[in-house]
Every structure is written in C-alpha cells, then in structure tokens.
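For reference, the structure is listed below as structure tokens.
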C-alpha cells in the first residue's frame with residue numbers, strides 16, 4: 545500500500561539540495577579515506593605540522609571536520625586535543641558542523657555543477673531512448689502499412705487477372 549499523499553507536492557529544490565549534500569559528504573569521506581591511506585606511516589610530528597598549516601590557512605584552531613583526514617589524525621594522536629597540543633595550537637572554541645566548514649562549501653561548489661551536468665546528461669539520454677523507441681514504433685507501423693498495401697495491391701491484381709468464369713470456379 546502506498547503512502548502517497550496527493551495533497552503534498554514534491555519539492556524538487558529540497559530533493560536536489562539533499563542529493564548534492566550527500567554527494568559532497570561522500571566526496572569528503574573519500575578524501576578522508578585517501579588521506580588516511582596516504583599518511584598511514586607518516587610520523588606524528590609531520591601530522592602536527594600539517595595541522596599547524598591548516599590552522600594558519602583557517603586562521604583558527606581547526607575542528608576534525610575542517611581538515612582532510614581529521615578523524616584519522618584524531619585516532620593517531622588518541623584525541624583531537626592531543627593533536628592540537630602537538631601542533632602547539634589552542635583547543636577549539638566551539639564545535640563546528642561539517643555543513644558550516646570551508647572544506648564542505650568548497651567541495652559543494654565542485655559537486656553542484658557535476659550533479660547538474662549528470663542530471664542534464666541523464667535527461668538527454670532518456671530523450672534519446674524515447675526518440676529511438678518512437679522511431680522504431682514508427683518504422684514498424686510503416687513496414688506494417690507497406691505490407692498491407694502490397695497485399696491489397698496483390699489481391700487487386702489477382703482479381704483483375706481472373707475472368708468472371710474463373711472466379712466462380714476458383
């Protein structure tokens with residue numbers, strides 16, 4: 545049984561924003577995984593230097609979600625505060641949500657045009673398939689009409705070739 549409410553309209557903008565947000569989160573998770581794989585054997589001192597560079601770029605002590613590989617760095621140091629202490633940074637003042645970070649906004653600005661281009665390409669492919677189906681149906685109808693016309697002409701020609709006496713015996 546469907547739970548479709550006919551009075552509720554589909555919000556395309558909200559759906560699009562959710563899809564882009566999910567793509568952005570997936571892309572950031574992939575970047576985090578790539579960072580963790582690349583820096584699996586990196587000494588803690590280099591990770592602390594990386595955190596210090598990120599802090600200079602952001603102009604504040606970063607939260608784990610504000611840097612690539614934040615969860616990996618936190619796991620390597622044991623805690624995020626320990627990682628910040630190793631980088632000689634003060635503790636973060638407030639908790640930051642992923643959606644509010646510069647990293648998220650930058651990745652979203654990359655993902656949004658990609659998503660829109662993919663949707664446009666998907667619509668174009670659907671239209672091509674529809675046109676092909678319609679073309680095939682039109683071709684099949686034309687072949688059927690041609691066959692019917694040829695059969696009618698053959699019947700007419702056969703009727704002309706027979707005399708009335710032959711038609712009665714046949």
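In my numbering, the protein residues as written are 545 to 714. Just so it is clear, CB atoms sit at the ideal spot from N, CA and C, and this is done for glycine as well.
Relative to the C-alpha of residue i, which residue among the options is closest?
i, options, result
"residue 652", "551, 571, 548 and 549", "571"
"residue 631", "644, 580 and 600", "600"
May I have the straight-line CA-CA distance separating residue i from residue j, to the nearest angstrom?
i, j, result
"residue 714", "residue 693", "Annotation note: pLDDT 49 at residue 714 (below 50); position unreliable, no value reported."
"residue 584", "residue 654", "27 Å"
"residue 620", "residue 626", "10 Å"
"residue 662", "residue 682", "30 Å"
"residue 650", "residue 618", "23 Å"
"residue 678", "residue 695", "26 Å"
"residue 553", "residue 645", "32 Å"
"residue 597", "residue 657", "29 Å"
"residue 666", "residue 574", "24 Å"
"residue 562", "residue 648", "14 Å"
"residue 568", "residue 602", "20 Å"
"residue 659", "residue 673", "21 Å"
"residue 592", "residue 669", "49 Å"
"residue 702", "residue 680", "33 Å"
Helix, strand or coil for residue i, going by three-state DSSP, please let me know.
i, result
"residue 588", "helix"
"residue 558", "helix"
"residue 552", "coil"
"residue 714", "Here residue 714 scores only 49 on pLDDT, less than 50, and its place in the model is too uncertain to base an answer on."
"residue 683", "helix"
"residue 572", "helix"
Check whether the stretch 603-615 and the stretch 571-580 are in contact - that is, three or more C-beta pairs closer than 8 Å. yes
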